[in-house]
Amino acid sequence: MYVQTVLYCLLTLAAEPQAEALKVVVEENVPVTMRDGVVLRANVCRPDRGGPYPVLLTRTPYGKGKGFGRYVQAGYLVVSQDARGRYASDGTYESFLRFQTHDAEDGYDTVQWAAKLPNSTGRVGTFGTSYCAFYQWRLAPLRPPALAAMSAHSIPGRYTDLEGPGTIRPGRRLQWWLSTMGPDIRRRAAGSDAKPAPKPTAGEIEKWLWFVPWLKLPQMVFEHETAAMHDWLRHPHLDPWQLDEGCREIEVPNFDVIGWHDHCNGDALMYRSMAAHAKTEIARTKTRILIGPWGHSTLGQRRFDKIDFGPEARVDLVAEDIRWFNHWLKGQPTGSDREPPVRIFVMGDNRWRGETEWPLSRARTRTMFLASGGRANTPAGNGKLVTQAPQADGSDRYVYDPLHPVPTLFGPRAFTAVADQRRLADRQDLLVYQSEPLRERLEVTGNPVVELYAATSAPDTDWFVRLIAVEPDGLARDVCMGLVRARYREGLDKPKLISPGEVVKYTIRLGPTSNAFLPGHRIRLDVTSSDFPNYDRNHNTAADQNADAELVPATQTVHHGGVQASCIRLPVIEN
Numbered sequence: 033m034y035v036q037t038v039l040y041c042l043l044t045l046a047a048e049p050q051a052e053a054l055k056v057v058v059e060e061n062v063p064v065t066m067r068d069g070v071v072l073r074a075n076v077c078r079p080d081r082g083g084p085y086p087v088l089l090t091r092t093p094y095g096k097g098k099g100f101g102r103y104v105q106a107g108y109l110v111v112s113q114d115a116r117g118r119y120a121s122d123g124t125y126e127s128f129l130r131f132q133t134h135d136a137e138d139g140y141d142t143v144q145w146a147a148k149l150p151n152s153t154g155r156v157g158t159f160g161t162s163y164c165a166f167y168q169w170r171l172a173p174l175r176p177p178a179l180a181a182m183s184a185h186s187i188p189g190r191y192t193d194l195e196g197p198g199t200i201r202p203g204r205r206l207q208w209w210l211s212t213m214g215p216d217i218r219r220r221a222a223g224s225d226a227k228p229a230p231k232p233t234a235g236e237i238e239k240w241l242w243f244v245p246w247l248k249l250p251q252m253v254f255e256h257e258t259a260a261m262h263d264w265l266r267h268p269h270l271d272p273w274q275l276d277e278g279c280r281e282i283e284v285p286n287f288d289v290i291g292w293h294d295h296c297n298g299d300a301l302m303y304r305s306m307a308a309h310a311k312t313e314i315a316r317t318k319t320r321i322l323i324g325p326w327g328h329s330t331l332g333q334r335r336f337d338k339i340d341f342g343p344e345a346r347v348d349l350v351a352e353d354i355r356w357f358n359h360w361l362k363g364q365p366t367g368s369d370r371e372p373p374v375r376i377f378v379m380g381d382n383r384w385r386g387e388t389e390w391p392l393s394r395a396r397t398r399t400m401f402l403a404s405g406g407r408a409n410t411p412a413g414n415g416k417l418v419t420q421a422p423q424a425d426g427s428d429r430y431v432y433d434p435l436h437p438v439p440t441l442f443g444p445r446a447f448t449a450v451a452d453q454r455r456l457a458d459r460q461d462l463l464v465y466q467s468e469p470l471r472e473r474l475e476v477t478g479n480p481v482v483e484l485y486a487a488t489s490a491p492d493t494d495w496f497v498r499l500i501a502v503e504p505d506g507l508a509r510d511v512c513m514g515l516v517r518a519r520y521r522e523g524l525d526k527p528k529l530i531s532p533g534e535v536v537k538y539t540i541r542l543g544p545t546s547n548a549f550l551p552g553h554r555i556r557l558d559v560t561s562s563d564f565p566n567y568d569r570n571h572n573t574a575a576d577q578n579a580d581a582e583l584v585p586a587t588q589t590v591h592h593g594g595v596q597a598s599c600i601r602l603p604v605i606e607n
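Position 234 of the sequence shown, counted from 1, bears residue number 266 in our numbering, the numbering being contiguous throughout.
Structure follows, in structure tokens:
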């Protein structure tokens, strides 16, 4: 359905006579005064002739750009604005770690200003990914009259979905802050005429990645946002933002794009919240989501880490945006309003499929149980996934040493992405349970759930579980993962240490996915206790690890069979 629609649009465009392309005229640093008197600045990109045109607005903390030629040539005015306290805009930057900021009001005021630009039709759409999407979700509940549609891609509804269940993600948080946010903050602190501050070297970032505890990081790391960071670290259950709650006040539809391997997919919460709770029927029924095999920095691409999802995985997201806005801002019959509201990419099959809902109510649970001969360590061990629960008790053991954690495969400078797990094949702190080669195709679409019976020698530790597709040539492609920090197993607001040696049942919900395990493939589940620096290392102590620097090894035991039948429950789509 998805491929057919795009092909139809391309053929339609090809059949139309092609006029001379519009040229782009850019007005730089156009001032926009907010309601409190603070002046923000924007670049306004215009077609060189014709009009009037609708306006597309993106607000960013990363430095406003000019590279919007395709949008302008499609017949739009494009406004790219530096957020408050960033680059050319006045005021003080307020991070998303704060509960109260000016983001919503600044967005509202800018939408209404943009609607009155010369040669504007008065209709405004907002667009952008990640932090730029965050700004959209902040302004939309205020319902600026000129706002007609949104295209907010890849941002979770809750901050806890971004960082994890009581965890921190140093590989991304430090890299992002030091290299992306920090230089402009340091420049501004040095004076209005200061040159851009240099970005840290790879060695400097590596030093901070291993630094413990986070509450003692020097102030130069998080600058004037240090207090906000410390407040969140001390109270992980207090979510600085709950964007999904704002959906109840939003009147316009949104086009969302996320990836199965995207750390910002947020379990598609923003789509689900819009479809269920948006203020108007149009917003509820016409909001759309596109979910591909992508990571956060690879949206629209077909391959990463030498893993190729085929030609259908490559999607021109700018063209998708333009098609979306052509309907909602220009009234053109692009067909985007008649497509299935959910379009998912089924990995393995490497094909798109339209759906009417997410998650899929027709999914049926299939349970596979962990089993072994007592030595499931590494893929060469004897761990198995079986369809019947073993009658006899069994267990597997490894030592988790936070000084030697399981490394994140996509590296400290990358966002989350698919990876070939074969590089971890020699890790003794990795338990591997895998099925026999499948005889028939098995599609898993939804959120798998692992029930893990496990014990540790520590009063607190982490458990990571990862679902993997093992192909006949040996490729071990991760499908989705989940984790639990033991002290937060009953909720972030109910920390509870464990008694060393006590067998505890953990219920771990993995991230959303859609994957077809094909004939000859194996279903594999890995269990370990670290993924660094994607997630911070559990210190394995009873202390507040954000304030304490002691790290100790822990002996981990996973139980299976009998009354402690560890298992994975797979949401399976038949036929």
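Ideal Cβ positions, reconstructed from N, Cα and C, are used throughout, including at glycine.
Mind checking residue i: buried by the 16 CB within 10 Å criterion, or exposed?
i, result
"Thr317", "exposed"
"Arg205", "buried"
"His269", "exposed"
"Gln364", "exposed"
"Ser121", "buried"
"Ala595", "One point to set straight first is that residue 595 is Val, not Ala, in the sequence displayed. Per the 10 Å Cβ criterion, exposed."
"Val110", "buried"
"Phe131", "exposed"
"Lys96", "buried"
"Arg155", "buried"
"Ser393", "exposed"
"Ala221", "exposed"
Keeping to the same chain, check which residues put their C-beta closer than 7 Å to that of residue i; ignore five residues upstream and five downstream.
i, result
"Gly196", "Leu515, Tyr567"
"Asp340", "Arg334"
"Lys98", "Val58, Asn75, Cys77"
Is the beta carbon of residue i sitting closer than 8 Å to the one on residue j?
i, j, result
"Ala184", "Trp169", "yes"
"Glu475", "Val604", "yes"
"Pro504", "Gly426", "no"
"Tyr167", "Gly139", "yes"
"Glu606", "Arg396", "yes"
"Leu402", "Leu417", "yes"
"Arg116", "Leu179", "no"
"Asp510", "Val559", "no"
"Phe564", "Pro439", "yes"
"Thr488", "Gln420", "no"
"Asn286", "Met261", "no"
"Leu129", "Trp240", "no"
"Asn572", "Asp461", "no"
"Ile187", "Gly82", "no"
"Thr448", "His295", "yes"
Since I believe residue j is in contact with residue i (beta carbons under 8 Å), could you give me their beta-carbon distance rounded to a whole number of angstroms?
i, j, result
"Gly324", "Phe377", "5 Å"
"Phe159", "Thr212", "About 20 Å separates the two Cβ atoms, so there is no contact after all."
"Pro189", "Asp114", "Sequence inspection shows Gly at residue 189; the Pro mentioned does not correspond to that position. Contact flag wrong, Cβ pair sits at about 25 Å."
"Val481", "Leu542", "7 Å"
"Val497", "Ile555", "With a Cβ gap of about 13 Å, Val497 and Ile555 do not count as contacting."
"Met400", "Leu602", "7 Å"
"Trp246", "Ile200", "6 Å"
"Phe357", "Leu88", "7 Å"
"Ala574", "Leu529", "6 Å"
"Leu210", "Val253", "7 Å"
Ignore the nearest five residues each way along the sequence and tell me which others in residue i's own chain have a CB closer than 6 Å to its CB.
i, result
"Trp390", "Ala300, Val374"
"Gly593", "Pro422, Ala424, Asp425, Gly426"
"Cys164", "Thr90, Thr92"
"Val56", "Cys77, Gly101, Val104"
"Leu171", "Ala136, Gly139, Tyr140"
"Leu322", "Val289, Arg375"
Whose C-beta lies closer than 8 Å to the C-beta of residue i among residues of the same chain, with five residues either side of it excluded?
i, result
"Lys338", "Asp452"
Check your understanding: Does the pairing of the segment 320-339 with the segment 400-417 give three or more beta-carbon distances under 8 Å?
Key -> no
Practice item. Kindly confirm or deny that the segment 222-237 and the segment 540-557 touch, where touching means at least three C-beta pairs closer than 8 Å. Key: Fewer than three pairs of CB atoms, one per stretch, sit closer than 8 Å, so the segment 222-237 makes no contact with the segment 540-557.
Exercise for review: Count the C-beta pairs between the segment 461-473 and the segment 517-524 that are closer than 8 Å, then say yes if the count reaches three, no if not.
Suggested key: no
Check your understanding: Within the chosen definition, does the segment 360-375 reach the segment 385-393 through at least 3 CB pairs nearer than 8 Å?
Key -> yes
Check your understanding: At a cut of 8 Å, does the segment 533-542 reach the segment 573-580 through at least three beta carbon pairs?
Key -> no
Point to revise | contact_flag[the segment 139-159, the segment 345-352] where n(CB pairs < 8 Å) is 3 or more | key: no
Review point. Per the contact definition of three or more C-beta pairs closer than 8 Å, is the segment 137-149 in contact with the segment 283-291?
Key: no
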